[in-house]
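As structure tokens, the structure follows; a few thoughts come after it.
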Amino acid sequence: MIQIGCTSFKEHTYLTGKKESSLFEYAAYFPLVEMDTSFYAIPKQTYVKEWLKQVPERFQFIMKLPKVFTKHEELTEGGSLKEIAQELLESLKPMIEQGNLFCLLAQFPPYFDCRRENVDYLRILRQLFPQMPIAIELRNNSWYDSAFLAQTRAFMQEQNFSLVIVDEPKKLSTTIPFDTYVTNSSFVFFRFHGRNDIGWNATGPDAKRLRTNYRYSQEELKELQEAVASVKEQSKQVAIIFNNNAGGDAAENALQFKDLLQLDFENLNPSQLGLF
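Take 12 as the starting number for the sequence shown in my numbering and just add one per residue.
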């Protein structure tokens with residue numbers, strides 16, 4: 012099964028013509044969404060229940076792990092990762108029990124490089140969430156160095172992690188290669204960030220906007236289509252998230268990709284606004 016979606020549900024003006032769309036409106040077009048709200052703070056369970064009311068029965072959520080789990084933030088004194096993990100799982104309990112959680116996403120920062128300390132930490136992360144489907148996105152290319160790549164792949168398989176297949180700018184020496192090796196037969200996760208070579212390493216308040224400001228051409232989408240086709244038989248589920256929305260391109264590119272793959276998403280919400 013192949014599912015396509017975007018990061019966030021609010022900001023896709025292309026779908027509804029609105030500056031901010033509701034989750035109900037978004038779910039009229041896609042069966043999958045990546046939520047980054049949990050990266051900044053654990054959502055209240057009441058919010059999770061409200062999200063579930065707005066989507067069809069089979070709709071799937073990808074939830075970003077809170078930043079304390081991905082080394083973006085230090086653990087505060089007196090707290091423990093185990094306690095925070097339990098708090099997160101309790102918050103997401105309705106989503107998990109109803110089968111709407113596709114996976115947890117751990118997106119690590121560029122300074123999380125390939126060294127023993129960080130390998131050991133990934134083992135701890137698995138112990139904190141022993142039963143959860145977890146996708147790992149690495150943003151330091153040392154993990155893909157020829158000296159470590161085979162070990163990186165084997166480790167991800169051993170820990171039952173799905174190593175995210177990332178599409179990033181191609182002309183920079185610091186970006187992650189587009190590696191289609193499947194480390195988890197249960198699910199494969201593609202994240203398409205765009206190929207903005209100039210804006211990728213931007214800093215400052217506009218960094219996020221510049222980094223993902225990119226529109227995939229039809230030719231580039233066909234390249235990505237071939238990559239998806241090459242792995243879809245190796246895993247039970249394939250998730251594809253378009254994150255290139257700084258310029259408002261993610262939803263349109265995602266729908267174009269859906270057409271290229273000749274997918275027909277069933278059981279979506281009725282569409283009252285927007286394209287159809």
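The C-beta atom is built at its ideal place from N, Cα and C for all residues, glycine as well. Computed from a predicted model, the values in this text were never measured in an experiment.
Between the CA atoms of residue j and residue i - distance to the nearest angstrom
{"i": "Tyr51", "j": "Leu92", "result": "15 Å"}
{"i": "Asn280", "j": "Glu68", "result": "10 Å"}
{"i": "Glu179", "j": "Gly110", "result": "31 Å"}
{"i": "Leu112", "j": "Asp131", "result": "26 Å"}
{"i": "Leu293", "j": "Leu271", "result": "Residue 293 cannot be examined here, being either before or after the span of the chain that is shown, 12 to 287."}
{"i": "Thr194", "j": "Thr163", "result": "10 Å"}
{"i": "Lys296", "j": "Ala213", "result": "No answer is possible for residue 296: the residues shown for the chain start at 12 and end at 287."}
{"i": "Trp211", "j": "Ala218", "result": "8 Å"}
{"i": "Tyr40", "j": "Arg127", "result": "43 Å"}
{"i": "Ile15", "j": "Leu34", "result": "15 Å"}
{"i": "Ile209", "j": "Ser282", "result": "37 Å"}
{"i": "Gln168", "j": "Phe159", "result": "14 Å"}
{"i": "Trp288", "j": "Phe253", "result": "This structure does not reach residue 288, given that the chain is present from 12 up to 287, and the question cannot be answered."}
{"i": "Lys60", "j": "Asp156", "result": "43 Å"}
{"i": "Phe72", "j": "Phe276", "result": "16 Å"}
Spatially closest choice to residue i from the options, by CA coordinates
{"i": "Ile47", "options": "Gly28, Ile107, Cys114 and Val66", "result": "According to the sequence displayed, residue 47 carries Asp and not Ile. When only C-alpha atoms are compared, the closest one is Cys114."}
{"i": "Trp154", "options": "Cys125, Asp208 and Asn111", "result": "Cys125"}
{"i": "Val44", "options": "Ala262, Leu274, Glu277 and Leu139", "result": "Ala262"}
{"i": "Pro120", "options": "Asn151, Ile135 and Val59", "result": "Asn151"}
{"i": "Leu99", "options": "Phe72, Phe140 and Trp62", "result": "Phe140"}
{"i": "Ala117", "options": "Leu149, Ala38, Glu108 and Gln138", "result": "Leu149"}
{"i": "Ile176", "options": "Ser228, Gln168 and Pro188", "result": "Pro188"}
7 Å Cβ cutoff met for residue i and residue j
{"i": "Arg206", "j": "Lys181", "result": "yes"}
{"i": "Phe17", "j": "Ala238", "result": "One detail in the question is off: residue 17 reads as Cys in this sequence, not Phe. No, these two residues do not count as a Cβ contact at 7 Å."}
{"i": "Thr24", "j": "Gly259", "result": "yes"}
{"i": "Thr186", "j": "Val242", "result": "no"}
{"i": "Leu235", "j": "Gln267", "result": "no"}
{"i": "Ser102", "j": "Pro54", "result": "yes"}
{"i": "Phe70", "j": "Pro42", "result": "yes"}
{"i": "Leu183", "j": "Ile147", "result": "no"}
{"i": "Lys75", "j": "Glu84", "result": "no"}
{"i": "Gln170", "j": "Arg220", "result": "no"}
{"i": "Tyr225", "j": "Asn256", "result": "no"}
{"i": "Glu36", "j": "Lys21", "result": "no"}
At least 3 beta-carbon pairs within less than 8 Å: the segment 244-253 vs the segment 199-218
yes
Counting only runs that start and end within the segment 239-272, where is the beta strand (DSSP E) found for 3 or more residues in a row?
248-253
Just list the alpha helix (DSSP H) runs in the segment 107-132, keeping only unbroken ones of 4 residues or longer that don't cross its boundaries, in chain order.
none
Could you give the uninterrupted runs of the beta strand (DSSP E) lying entirely in the segment 19-60, keeping only those of 3 residues or more?
43-46
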